[in-house]
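The structure appears right after this line, and notes come after that.
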Amino acid sequence: MSAQLLTNVTILVLAAFVGFEVISKVPTTLHTPLMSGTNAIHGIVIVGGLLTVGALAGGWVGVVLGTVAVIFGTINVVGGFLVTDRMLEMFKGRRPPPAQSADPSKKA
Amino acid sequence: MSVWITLAYLLAAVCFILGLRFLSSPRTARRGNVIAAVGMGVALLATALQVTHNWPYIILGVVIGSVVGVAGARMVKMTAIPQMVALFNGVGGGAAALISTADYLNSAGGQGPSVLIPVVFSAVVGSISFAGSMVAFLKLQEWMTGQPITYPGQQIVNGVIALGIVGIAVYLMTTGSLPAFFVVMVILGLVLGVAFVLPIGGADMPVVISLLNAFTGLAAAATGFVLGNTVLIVAGALVGASGTLLTLLMSRAMGRSIGNVLFSAFGSARAGGAALALGAEGGTVRSGSADDVAVLLAYARSVVIVPGYGLAVAQAQHAVRELADLLEKRGVEVKYAIHPVAGRMPGHMNVLLAEANVPYEQLYEMERINPELERTDVALVVGANDTTNPAAKETPSSPIYGMPIIEVDHAANVVVLKRSMAAGFAGVDNPLYYNPKTTMLFGDAKKSLTDLVNAVKNV
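Which chain is which? The protein sequence lines are A and B, in order. First residue of the first sequence: 0, per numbering that gives the first Met the number 0; consecutive thereafter. First residue of the second sequence: 0, per numbering that gives the first Met the number 0; consecutive thereafter.
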């Protein structure tokens, strides 16, 4: 087992603990945006797509697979963050009275 | 890799953690999401600096992906969020599987186990996540039946597929590069993803999505091991932890174990013994008109609205807010009681009500509202069933016994808006409907609420 592998395993385990700690503080109210937000974060896999395609000197199979991976990863990242933002935008506190009548038409 | 790139990845990882941290309050949540997105941007920029080949393909991929992603995120209705999350999760898993396959075919095939193990793991888990998420999407979108699809010996067949995957994986470790075997393994992963989700009912899909979310996270982390990329490992581990935790929380909120959710084909047409017994006893059900209920509501001091799955299906969240506004204008105190699994996903009801401009201060979680229900004049149940079923507390033989519920039967009066007397997702009859305190108002939730709004106006 190489030193690099050990370092990586350490990072993985520590990050998992941080994840448990941080996530356990999120209230049920926000679990749907949370799921959608973490969903966007695993779109980070696109980095892997870029590194793989970006280093290939030839071989069309790898390029095709990698390009599809980049498409998928981009959908995951862009769609994930945008839809989470759309949800969270609506979590407003008690509405100010004047805005009350104007809002439904906007959202319809 | 230069020091700057490594530091940029560290910054990205910090952004992800901070972003999740900010998600713990509705006030800061939106900022948290932006911080996470900035982290993603930093990571992508740092990665772009390392790209030496194939720029045209990359740009093409990013453009196509962005167009699809923006369109999907903009156009999706809030009621359809769970299937959208499933879809985005699926493509993430698919990306992980594709990258691993490309890596294997490219060079990783001949390398040692420290590369081979994560490549194989990421490819298999990514493809399970992709295929499983697609089935979850189809079920939630109702493009295929939401009923569990079962056949005799199903779990054995699934077990055999899983063993086949493990067998090929082990074989790949011990021999040189075998692209054909690798591809077969990925295909088996896809098959297993489909086969594993088929027997799970539509209303359990959120648990599945959360689990597959964790899977995709782990697949991303494994890709990080292959490429020696720390930001992938950190982000993947965060998502893996979050998905696992949410899966556990959701099963607990339903009073069931994860094993029960995933392997028992729950919600299939199994009429529980308790249901039959109750129906045979023939308890009386009192059904009322919109006018009766309107009077009850208008002259109440406090009303607790309990929205459920049926409200989401009928898209009645705006109608319910209209009714609540009218009642508040008359001086009635209105609160919403949100069961942890109300809607189609935990917290989904909060999103739907937020969309209808219901301030989140009015939403009460189950633990907070239950003690108040004793002092409540009317509990108005809109399209919720199992989450209000007293059998969960009182009938040990009931399949849902042990599930925490919103104790509407403690309120002075109960009004239930429901399409028919049909049993809920769990297939269990609800003694609440035979309670003398209960008035049933049959019909589509949205139409019933609109009727109520008109009736309250005329009181």
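Glycine included, each C-beta is placed from N, C-alpha and C at the ideal position.
ask   = Would a check of beta-carbon distances place Asn212 (chain B) closer than 9 Å to chain A?
value = yes
task = Jot down the residue ranges of each uninterrupted alpha helix (DSSP H) in the region 8-45 of chain A, minimum 4 residues, whole runs only, in chain order.
result = 30-40
task = Please list the residues of the region 27-42 of chain A that have a C-beta atom closer than 8 Å to any C-beta atom in chain B, keeping them in chain order.
result = Thr27, Thr28, Leu29, His30, Thr31, Pro32, Leu33, Met34, Ser35, Gly36, Thr37, Asn38, Ala39, Ile40, His41 and Gly42
query = Using a C-beta cutoff of 9 Å, does Pro103 (chain A) count as contacting chain B?
reply = Confidence at Pro103 (chain A) is low in this model, with a pLDDT of 43, below 50, so the placement of that residue should be treated as unreliable; the coordinate-derived value is given next. With 9 Å as the cut-off, Pro103 (chain A) counts as an interface residue toward chain B.
Where Gly79 (chain A) falls, given that 16 or more other Cβ within 10 Å makes a residue buried = buried
Residue interval of the beta strand (DSSP E) (run including Lys417 (chain B)) = Asn412 to Lys417
request  = Indicate whether Val123 (chain B) and Ala70 (chain B) have their beta-carbon atoms separated by less than 9 Å.
outcome  = no
Nearest-angstrom Cα separation, counted from Pro339 (chain B) out to Val62 (chain B) = 38 Å
message = Buried or exposed, going by whether 16 or more other CB atoms sit within 10 Å of the CB of Phe462 (chain B)?
response = With chain B represented from 0 up to 458, any question about residue 462 (chain B) goes unanswered, as that position is not in the structure.
task = Report all residues from its chain with a CB closer than 6 Å to the CB of Val238 (chain B); omit the five preceding and five following residues, and keep chain order.
result = Gly216
request  = Classify Tyr461 (chain B) as helix, strand or coil using the three-state DSSP reduction.
outcome  = In the structure as shown, chain B starts at 0 and stops at 458, and residue 461 (chain B) therefore has no counterpart that could be examined.
query = What residues from chain B crowd round Ala2 (chain A), counting only those whose CB sits closer than 8 Å?
reply = Per Cβ cutoff of 8 Å: no residues; Ala2 (chain A) is ~11 Å from chain B at best.
Local Cβ density within 10 Å of Leu448 (chain B), reported as buried at 16 or more and exposed below that = buried
key: Beta-carbon proximity check, Leu10 (chain B) vs Val41 (chain B), cutoff 9 Å   = yes
request  = May I have the straight-line CA-CA distance separating Asn388 (chain B) from Ile57 (chain B), to the nearest angstrom?
outcome  = 53 Å
request  = Identify the contact partners of Thr46 (chain B) in chain A, using a Cβ-Cβ distance below 7 Å as the criterion.
outcome  = Val46, Leu49 and Leu50
request  = Report the neighbours of Arg20 (chain B) on chain A: residues whose CB is nearer than 7 Å to its CB, in chain order.
outcome  = Val21
ask   = In this structure, does DSSP put Glu141 (chain B) in helix, strand or coil?
value = coil
key: Residue span of the beta strand (DSSP E) that contains Glu406 (chain B), given as start and end   = Per DSSP, Glu406 (chain B) belongs to no beta strand (DSSP E) and is neither H nor E.
ask   = Which chain A residues sit within Cβ distance under 9 Å of Gln49 (chain B)?
value = Leu49, Leu50, Gly53 and Ala54
request  = Express the C-alpha separation of Val156 (chain B) and Tyr150 (chain B) in angstroms, rounding to a whole number.
outcome  = 10 Å
inquiry  = Tell me the rounded alpha-carbon separation between Asn453 (chain B) and Arg418 (chain B).
reply    = 19 Å
message = So, at 8 Å on beta carbons, what are the nonlocal neighbours of Leu162 (chain B) in its own chain, with the 5 sequence-adjacent residues on each side left out?
response = none
Neighbour list for Pro398 (chain B) in chain A, Cβ cutoff strictly below 7 Å = Per Cβ cutoff of 7 Å: no residues; Pro398 (chain B) is ~24 Å from chain A at best.
ask   = What are the partner residues of Lys328 (chain B), as DSSP defines its beta bridges?
value = In DSSP, Lys328 (chain B) forms no bridge with anything.
inquiry  = Suppose the cutoff is 6 Å on Cβ atoms and the five residues either side in sequence are ignored; what does the same chain contact list for Leu87 (chain A) look like?
reply    = Pro32
task = Locate the beta strand (DSSP E) running through Thr438 (chain B), then write down its first and last residues.
result = Thr437 to Phe441
query = Does the beta carbon of Arg251 (chain B) come closer than 9 Å to any beta carbon on chain A?
reply = no
message = With a threshold of 7 Å on Cβ separation, who are the neighbours of Thr66 (chain A) within its own chain once the five nearest residues in sequence on each side are excluded?
response = Val52
key: Contacts that Ile167 (chain B) makes with chain A (C-beta to C-beta distance below 8 Å)   = Those do not exist, as Ile167 (chain B) stays about 19 Å from chain A at its closest Cβ, beyond 8 Å.
query = Among the residues of its own chain, which have a CB less than 8 Å from the CB of Thr5 (chain B), if the five just before and after it don't count?
reply = Thr229
ask   = Sorted by chain position, which residues of the same chain lie with C-beta nearer than 8 Å to Asn75 (chain A)'s C-beta, five sequence neighbours on each side aside?
value = Asn38, Ala39, His41, Gly42, Val44 and Ile45
query = Taking the C-alpha atoms as reference points, what is the distance between Gln146 (chain B) and Arg343 (chain B)?
reply = 15 Å
key: Beta-carbon proximity check, Pro25 (chain B) vs Thr28 (chain A), cutoff 9 Å   = yes
message = Alpha carbons only, please: which of B:Leu115, B:Leu416 and B:Gly192 is nearest the one belonging to Pro528 (chain B)?
response = Because residue 528 (chain B) is not part of the residues shown, which for chain B are 0 to 458, the question remains open.
Glu88 (chain A), enclosing alpha helix (DSSP H) - first and last residue = Gly79 to Glu88
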